[in-house]
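Each remark here refers to the structure printed beneath this line.
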Amino acid sequence: QQNLVKIIFKKTLFLYRLNISINANMSELVKFWIYVLGRYEKDGEPNMLAPIDVFVSTVDPLKEPPLVTANTVLSILAMDYPVEKISCYISDDGASMLTFEALSETAEFARKWVPFCKKFAIEPRAPEFYFSQKIDYLKDKVQPTFVKERRSMKVLLNACNYMQAFMPSRYRF
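Heads up: the sequence shown runs through residues 1214 to 1386, numbered per this note's numbering.
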């Protein structure tokens, strides 16, 4: 019984140290990721990063609003990763027409949103969360076209949210 207590104590101590080291070394993790990208992305050579497949599954648009699924898909597509190396697959097990239409609109919006995110290094990449932040969005943005393009993205997003108001109440997100 005493050995069991020692084992539990050691495991708890290990998990505690692991948690502290992960939280304390986030800057090291960022440095490591920059190192990895520098190692596998060299100018004039083919990209050696591994392809990534991301699966997003949804079932019921009443329990999982299509807006959340759309923001997830947009975040994945706007990742700071080579476009030819990332694929996003959506599995709608509920076969909802509402989800299909919402993701069709998301695909159209992604054609403008993804280049905007990559051009201006937008964080977070989900538009709903990006525009809901209460921060100074002009901080560290010196390109003169940023304000104009940001406004046009905001207008497009508001138009999508406006269309939601005309849906039957049982399908609203």
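By construction, the Cβ of each residue, glycine as well, lies at the ideal position given by its N, Cα and C atoms.
query = Straight-line CA distance for residue 1269 to residue 1263?
reply = Taking the CA atoms as reference points, residue 1269 sits about 19 Å from residue 1263.
query = Where does residue 1275 land, buried or exposed, given buried means 16+ other C-beta within 10 angstroms?
reply = Classification for residue 1275: exposed.
ask   = Where are the alpha helix (DSSP H) runs, 4 residues long or more, that stay fully inside the stretch 1325-1354, in chain order?
value = Entirely contained in the stretch 1325-1354, the alpha helix (DSSP H) runs reaching 4 residues are, in chain order, 1340-1345.
message = Output needed for residue 1308: all residues of its chain with C-beta closer than 7 Å, excluding positions within five of it in sequence on either side, in chain order.
response = Counting only Cβ-Cβ distances below 7 Å, and skipping sequence neighbours, we find nothing.
Start-end ranges of the beta strand (DSSP E) lying completely within the stretch 1247-1304, minimum 3 residues = Taking only runs of at least 3 residues, the beta strand (DSSP E) segments lying wholly in the stretch 1247-1304 are 1265-1271.
Reduced DSSP category for residue 1317 - H, G, I as helix; E, B as strand; rest coil = helix
task = Compute the distance between the beta-carbons of residue 1180 and residue 1324, then report whether it is under 9 Å.
result = Absent from the structure is residue 1180, since the part of the chain shown begins at 1214 and ends at 1386.
ask   = Three or more beta-carbon pairs under 8 Å between the stretch 1304-1319 and the stretch 1277-1287, yes or no?
value = yes
message = Quick check: the Cα distance between residue 1279 and residue 1292, rounded to an integer number of angstroms?
response = 20 Å
ask   = Where residue 1360 and residue 1220 are concerned, what is the direct C-alpha to C-alpha distance, given to the nearest angstrom?
value = In this structure, the CA atom of residue 1360 is about 58 Å from the CA atom of residue 1220.
key: Pairwise C-alpha distance: residue 1223 and residue 1315   = 50 Å
ask   = Mind checking whether residue 1344 and residue 1366 have CB atoms under 9 Å apart?
value = yes
query = How is residue 1372 classed by DSSP in three states: helix, strand or coil?
reply = helix
inquiry  = Quick check: residue 1297 and residue 1332, are their CB atoms within less than 9 Å of each other?
reply    = no
query = Taking the alpha-carbon positions, what's the residue 1277 to residue 1258 distance?
reply = 42 Å
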